[in-house]
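Novice:
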Amino acid sequence: MIKVVFFAALREQLNCSELSLSSENLTTIADLKAELASKDDKWQQVFANSALLSAVNHDMVNSEQAIEAGDEVAFFPPVTGG
Amino acid sequence: MTENTSPEISIQTTDFSLADEVALLEHENACDGAVVTFTGRVRDRNEGKHVTSLTLEHYPGMTEKSLAKILCTAKVRWRLGRVKVIHRVGELFIGDQIVFVGVTSKHRQDAFAANEFIMDYLKVQAPFWKKESTEQGNNWLDAKTSDENKAAKW
Numbered sequence: 001m002i003k004v005v006f007f008a009a010l011r012e013q014l015n016c017s018e019l020s021l022s023s024e025n026l027t028t029i030a031d032l033k034a035e036l037a038s039k040d041d042k043w044q045q046v047f048a049n050s051a052l053l054s055a056v057n058h059d060m061v062n063s064e065q066a067i068e069a070g071d072e073v074a075f076f077p078p079v080t081g082g
Numbered sequence: 001m002t003e004n005t006s007p008e009i010s011i012q013t014t015d016f017s018l019a020d021e022v023a024l025l026e027h028e029n030a031c032d033g034a035v036v037t038f039t040g041r042v043r044d045r046n047e048g049k050h051v052t053s054l055t056l057e058h059y060p061g062m063t064e065k066s067l068a069k070i071l072c073t074a075k076v077r078w079r080l081g082r083v084k085v086i087h088r089v090g091e092l093f094i095g096d097q098i099v100f101v102g103v104t105s106k107h108r109q110d111a112f113a114a115n116e117f118i119m120d121y122l123k124v125q126a127p128f129w130k131k132e133s134t135e136q137g138n139n140w141l142d143a144k145t146s147d148e149n150k151a152a153k154w
């Protein structure tokens with residue numbers, strides 16, 4: 001399984017903070033995004049946003065990053081701390 | 001709410017004391033002649049709107065890891081003595097302190113540069129998000145291109 005977490009505006013738009021997906025057929029972040037986007041129109045719209053950032057196991061990554069069972073993947077908007 | 005893995009990094013809901021933090025940076029530290037601190041506070045206006053409060057969300061675990069990487073990079077680039085980063089989360093009001101970065105070094109140049117570098121990178125890499133409450137309602141702040149450009153200059 002892959003644990004997927006969402007933050008800030010993204011979490012509110014999806015009304016979801018965390019979910020688990022089977023890692024079968026998912027080899028990269030891009031695959032995972034496509035899988036999530038296929039859920040419905042709302043999810044498709046959210047994941048069409050190219051500004052979304054992603055992290056695997058607490059490190060920022062790009063869409064080509066490989067993922068595997070046991071990973072924690074996060075999606076979130078550009079950060080605004082400080 | 002607090003998950004602190006390093007004494008140099010603190011993510012907390014509570015306020016901090018600038019005087020106490022400076023005292024810790026200076027305590028039994030006779031070799032550093034420079035102490036540079038930055039404190040970020042909640043402003044009353046943003047983009048023309050009256051702000052009543054800010055709510056800060058973060059990604060526990062990744063926040064600490066990303067800040068640790070930024071501090072590690074700063075220590076490689078400059079000759080630093082002590083470093084401390086504090087970032088508050090939760091609801092904050094006008095004038096409240098949000099963030100503290102304190103750096104010591106033998107001479108001022110290293111501490112000045114490292115402090116600005118740490119803030120510039122924190123702004124674009126550490127997973128914090130601000131939600132603003134104004135008289136017009138609540139909204140998540142958008143990231144600024146100018147912050148990306150500042151960090152890219154290092």
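Order-wise, the sequence lines are chains W and R. Here the first sequence is numbered in my numbering, starting from 1 and rising by one per residue. Here the second sequence is numbered in my numbering, starting from 1 and rising by one per residue. Each residue gets a CB set at the ideal place from its N, CA and C atoms; glycine is no exception.
Quickly, what does DSSP pair Phe100 of chain R with across the bridge? List them, please.
Specialist: DSSP, once it has assigned bridges, lists R:Thr39 and R:Ile86 as partnering Phe100 of chain R.
Novice: Just to confirm, is the Cβ distance from Ile11 of chain R to Glu64 of chain R under 8 Å?
Specialist: Yes, these two residues count as a Cβ contact at 8 Å.
Novice: When the Cα atoms are used, what is the spatial distance from Val79 of chain W to Lys33 of chain W?
Specialist: Distance between the alpha carbons of Val79 of chain W and Lys33 of chain W: 19 Å.
Novice: Taking just the CA atoms, how far does Leu14 of chain W sit from Gln65 of chain W?
Specialist: So the two alpha carbons sit approximately 23 Å from each other.
Novice: Mark Thr104 of chain R as exposed unless 16 or more other C-beta atoms lie within 10 angstroms of its C-beta, in which case mark it buried.
Specialist: Buried, since its Cβ has 16 or more Cβ neighbours within 10 Å.
Novice: If you run the structure through DSSP and keep just helix, strand and coil, what is His107 of chain R?
Specialist: Coil.
Novice: Could you tell me which chain R residues have their CB closer than 8 Å to the CB of Phe76 of chain W, listed as they occur along the chain?
Specialist: Residues of chain R passing the Cβ test: Tyr59, Pro127 and Trp129.
Novice: Run down chain R in chain order and give the residues with a C-beta less than 7 Å from the C-beta of Ala8 of chain W.
Specialist: What Ala8 of chain W touches in chain R: Glu57, Trp129 and Trp140.
Novice: At what residues does the alpha helix (DSSP H) containing Ser38 of chain W begin and finish?
Specialist: Taken as a continuous stretch (DSSP letters only), Ser38 of chain W belongs to no alpha helix (DSSP H), as it is neither H nor E.
Novice: Could you give the C-beta distance for Leu71 of chain R and Val83 of chain R, rounded to a whole number, given that I count them as a contact under 8 Å?
Specialist: 5 Å between Cβ atoms; contact.
Novice: Taking the alpha carbon of Ile98 of chain R as the point to measure from, which residue in R:Phe16, R:Glu8, R:Ser6 and R:Ile9 has its own alpha carbon closest?
Specialist: Comparing Cα-Cα distances from Ile98 of chain R to each of R:Phe16, R:Glu8, R:Ser6 and R:Ile9, the minimum goes to R:Phe16.
Novice: Alpha carbon to alpha carbon, how far is Asp96 of chain R from Arg41 of chain R? Give it in angstroms, no decimals.
Specialist: Near 5 Å, if we compare the C-alpha coordinates of Asp96 of chain R and Arg41 of chain R.
Novice: Return the chain-ordered list of same chain residues with a C-beta closer than 8 Å to the C-beta of Arg43 of chain R, the five sequence neighbours on each side being excluded.
Specialist: Closer than 8 Å at the Cβ level, and outside the excluded window around Arg43 of chain R, lie Val51 and Ile94.
Novice: Taking only beta carbons into account, state which residues of the segment 66-96 of chain R come closer than 7 Å to chain W, listed in chain order.
Specialist: Under the 7 Å Cβ criterion, the segment 66-96 of chain R contributes His87.
Novice: Closest Cβ-Cβ distance between Gly137 of chain R and chain W: below 8 Å?
Specialist: By this cut-off, Gly137 of chain R is not an interface position.
Novice: How many angstroms separate the CA atom of Asn4 of chain R from the CA atom of Glu148 of chain R?
Specialist: Confidence at Asn4 of chain R is low in this model, with a pLDDT of 49, below 50, so its placement is unreliable and no value can be given for it.
Novice: Is the Cβ of Ala48 of chain W closer than 8 Å to any Cβ of chain R?
Specialist: So, not an interface residue.
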